[in-house]
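Read through the structure below, which is laid out as C-alpha cells, and then see the notes.
Protein chains: 2
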Amino acid sequence: MASREPRKNHLLAALAEKSYQRLLPDLELIAMPLGWVLYESGMPLKYVYFPVSGIISLLYVTNNGASSEIAITGNEGLVGISLFMGGESTTNRAVVQCAGHAYRMAAGVLKREFALGGEFQYLALRYTQTLITQMAQTSVCNRHHTLDQQLCRWLLLSIDRLEGAELIMTQELIANMLGVRREGVTEAAGRLQQAGLISYSRGRISVLKRAALEKRVCECYAVVKQEFERLLPYQRAPLHPNASAQTGTRS
Amino acid sequence: MASREPRKNHLLAALAEKSYQRLLPDLELIAMPLGWVLYESGMPLKYVYFPVSGIISLLYVTNNGASSEIAITGNEGLVGISLFMGGESTTNRAVVQCAGHAYRMAAGVLKREFALGGEFQYLALRYTQTLITQMAQTSVCNRHHTLDQQLCRWLLLSIDRLEGAELIMTQELIANMLGVRREGVTEAAGRLQQAGLISYSRGRISVLKRAALEKRVCECYAVVKQEFERLLPYQRAPLHPNASAQTGTRS
DNA sequence: AAACCAATGTTCGCTTCCGTACAGAAGTGT
DNA sequence: ACACTTCTGTACGGAAGCGAACATTGGTTT
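Chains as they are written, first to last, in our numbering: chain E, 1 to 251; chain R, 1001 to 1251.
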C-alpha cells in the first residue's frame, strides 16, 4: 500500500510536471480516519485537501440535528473549494465517510497558486463545476426519486471512489448521509440483497452486481458521472487549455 | 422605469470605475420575457447575463418531464457561471421566472475579463459560492422540510429579488419550480392566504406580511440570505481584496 | 462461557404528498 | 352576452416514508 503518492489524486495527476513540482514541497500527507471532520460549518479553512484514498462527505446539519449529504469527494477532487472561491468557509461540514489518506496544502499556498491563473486554476474550477452538478442532482434526487433509487446512486457514487467494491459503513451512517431513517435503509438494502445485487453484514457492504445496480439507479448517477468525464477526463498528461489570455504573459 | 442601467446589477455595481468602464462597451441590454429560456441543458453558452430586474430560475428537468428548481438568480448575480468555471454548459436549464431585463456579454469578453484575475474574477467566484450555498440548501429543504415551508422559502427568495412584494406567477408554475403537484401548492398557498400572510388570484401573488412569512419559513432561507450578505455585501464601492499575488503584476 | 453492545430486522399507526378526477371561478375573445 | 380557456378549489384512495417500540443477531469484552 505504498500507493500514497500525490499523483493518485486525479487533480494533482493532471498537472504538468512543472506545476506539480512547484506544489510538491507544500503537500503534506495525512491520514483521514473514519468520522474525522475536515472542517465545520462556518469554520475558516486552514488547508485544502487532495485525497488519494477514502471518501469525504459534504453534509449539512439542520438546527434539529438532521443531516443530509450535499456531495462527496474522493481522489478525483479536492476538499475546500471555499478557499479559492473566496468565502473561506461554507455552510456545510466535511466528514470522512471512508477512511483514507490525503495530501493537504496550506491555505496561503493554495491561494497563491490559484491566483497564478494557470492550469491549477483551470482544474480547480472545472472540479468545482462537477461538484455543483453533483449538488444539483442530489437536490433533484431528493425531490423525485425513491429511497431505493437513492441508495443505488449513493452506493455507485461511493464505490466509484474506492479501490474495491466493498464499503465499511453501517446502515445507520448511510441513513445519516441520505437524510432518511435507518429503518428505511435497512428495508431498501434488504431488497437489494434479496435480489443478489449486494451483500452486507454489520458495517460491511459489498457490491456484487454492479451492472444490475446501474439498472436500478435513477438517471442522477449517470448525469453526475457523465458530467465528470466531460469536465475532467482522467489522464496524467496535462489537459490545460492553451489558455490564450492568461498564460501567454506568464509561461 | 429608466432604471435599466447596468449598475442596477449588484455585481456590476460592485466593480471599481476602471473595470466597469472597460466592460461597459461590451454590455448589451436585452429584455427577458416570461418563460424565455436563456440556455438549455448541455447547450454551450454564447453569453453571460447580468440581470437588472426579473428573476431567472435554474432548473433541472428529469427524463420523464418532472422538474425541480436548483437555484434562482436576480439582479444580485449573473447567469452563466459555466463560462468561467470552464464547462461551457451545464446539466440544467435557465428560464425566466419573472420578466425583466438583463445586460449580456459575449462569452469571449467574459473569459478575457475573468482571466485577468482581478476584481471581476473575485466577484464572480464569490457569487458562485453563494449559488452553491443556495443549491445545497435547496437539496436539504427538499429532503427535510414540508411543502408549506418550502413555499415560504420560495416566496421570500423571490420577492427579495423584486422591487415590490408582488409576483406574477401561477400556482402551476410554482409547482413546477418546487417539483411538486399543483394541488399541493394550492393547499399550501390557501393556508397562507387564510392566515392573511399572502393574497393571490389568477397568477398574481402578493406578500402581505413578510415578517410572518419569515416566522413560518424553515432555516434554509436565512442560511442562504446570510451567506449572501457575508460573501457579497451590497455596496457600490468596490470590495475587491487588495489581492496580493495577482494584481501586483498587472495594475 | 457469559455478558454486553452495536448492527440489523420487523411491526404499527400516522403524516405528507401523490395521482386522479372533477367542479367552480375569473378572465378573454368574438 | 356568449362560449371558451385558464386558474383555482376540493375530494378520495394509495404509496412512501416517519417516529416509536421492540426483537434478533453477531461480534467483542471480560
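Just so you know, even glycine gets a beta-carbon here, dropped at the ideal spot from N, CA and C.
Computed from a predicted model, the values in this text were never measured in an experiment.
Contact list for E:Asn176 against chain R, beta-carbon separation under 8 Å = Think of a sphere of 8 Å around the beta carbon of E:Asn176: no beta carbon from chain R falls inside it, the nearest being about 12 Å out.
message = Could you give the first and the last residue of the continuous alpha helix (DSSP H) run that contains R:Ile1010?
response = The sequence given here places His at residue 1010 of chain R; Ile does not occur at that position. 1010–1014 is the extent of the alpha helix (DSSP H) around R:His1010.
request  = Enumerate, from N- to C-terminal direction, the unbroken alpha helix (DSSP H) stretches of 4 or more residues contained entirely within the segment 115–196 of chain E.
outcome  = Listed in chain order, the complete alpha helix (DSSP H) runs (minimum 4 residues) inside the segment 115–196 of chain E are 119–144, 147–159, 171–178, 182–194.
query = Using a Cβ cut-off of 7 Å, which residues of the segment 36–68 of chain E contact any Cβ in chain R, in chain order?
reply = Here the close residues are Tyr60, Thr62, Asn63, Ala66, Ser68.
message = Cβ closer than 7 Å: which chain R residues qualify as neighbours of E:Ser82?
response = Ordered by position in chain R, the residues that pass the 7 Å Cβ test against E:Ser82 are Gln1129.
key: E:Cys220 in three-state terms, based on DSSP   = Helix at E:Cys220.
ask   = DSSP on R:Arg1093, reduced to helix/strand/coil?
value = In the three-state reduction of the DSSP assignment, R:Arg1093 falls in the strand class, which pools E and B.
request  = Confirm the yes/no value for this check: CB of E:Arg93, any heavy atom of the ligand PLP, distance under 6 Å.
outcome  = For the ligand PLP, the structure offers nothing, since it holds no ligand at all.
query = Ordered along the chain, which non-local residues of its own chain (more than five positions away) have a Cβ less than 6 Å from that of E:Gln97?
reply = Around E:Gln97: Ile55, Ser57.
ask   = Just how far apart, CA to CA, sit R:Leu1155 and R:Ala1106?
value = When rounded, the distance between both Cα atoms is 32 Å.
request  = Tell me E:Ala19's beta-bridge partners as DSSP assigns them.
outcome  = A quick correction: the sequence has Ser, not Ala, at residue 19 of chain E. Partner(s): none; E:Ser19 has no beta bridge.
ask   = Between the segment 1019–1031 of chain R and the segment 1067–1086 of chain R, do at least 3 Cβ pairs fall closer than 8 Å?
value = They do not touch, by the three-pair rule.
query = What is the C-beta distance between E:Val217 and E:Gln149, in whole angstroms, given that I count them as a contact (C-beta under 8 Å)?
reply = So it is a contact: roughly 6 Å between Cβ atoms.
message = I'd like to know whether the C-beta atoms of E:Leu131 and E:Ala195 end up nearer to each other than 7 Å.
response = Cβ distance not < 7 Å, so E:Leu131 and E:Ala195 don't count as in contact.
query = In the segment 1097–1120 of chain R, which residues sit with their C-beta less than 8 Å from some C-beta in chain E, listed in chain order?
reply = Across the segment 1097–1120 of chain R, CB contacts with chain E closer than 8 Å involve Lys1111, Arg1112, Ala1115, Leu1116, Gly1117, in sequence order along the chain.
request  = State the beta-bridge partners of R:Arg1204 as determined by DSSP.
outcome  = The partner list for R:Arg1204 (beta bridge, DSSP) reads R:Ile1168, R:Ser1201.
ask   = Using a Cβ cut-off of 8 Å, which residues of the segment 1219–1235 of chain R contact any Cβ in chain E, in chain order?
value = Residues passing the 8 Å Cβ filter: Glu1219, Val1223, Glu1227, Arg1230, Leu1231.
query = Between R:Tyr1049 and the rest of its own chain, which residues show a CB-CB distance below 7 Å, the 5 nearest in sequence each way excluded?
reply = Only Leu1038, Leu1078, Val1079, Gly1080, Ala1102, Arg1104 meet the Cβ criterion.
ask   = Whole beta strand (DSSP E) runs in the segment 1028–1055 of chain R with 3 or more residues, listed along the chain?
value = Listed in chain order, the complete beta strand (DSSP E) runs (minimum 3 residues) inside the segment 1028–1055 of chain R are 1028–1032, 1037–1039, 1047–1051.
query = For E:Met32 and chain R, any beta-carbon pair shorter than 7 Å?
reply = It does not: the Cβ of E:Met32 has no partner Cβ on chain R nearer than 7 Å.
key: DSSP-derived helix/strand/coil call for R:Arg1210   = The answer is helix: DSSP assigns R:Arg1210 an H, G or I state.
ask   = Is E:Arg93 close to chain R, meaning its C-beta is less than 7 Å from at least one C-beta of that chain?
value = No, E:Arg93 does not count as interfacial toward chain R.
N-terminal and C-terminal residue of the beta strand (DSSP E) that E:Ser68 is part of = Segment 67–73, the beta strand (DSSP E) holding E:Ser68.
ask   = So what's R:Ser1244 in DSSP terms, helix, strand or just coil?
value = Below a pLDDT of 50, predicted positions are generally treated as unreliable, and R:Ser1244, at 37, falls in that range; the measurement from the model is reported next regardless. Residue state, collapsed to three classes: helix.
Rounded straight-line distance, which links the Cα of E:Leu178 to that of E:Met43 = Going by C-alpha positions, E:Met43 is about 23 Å away from E:Leu178.
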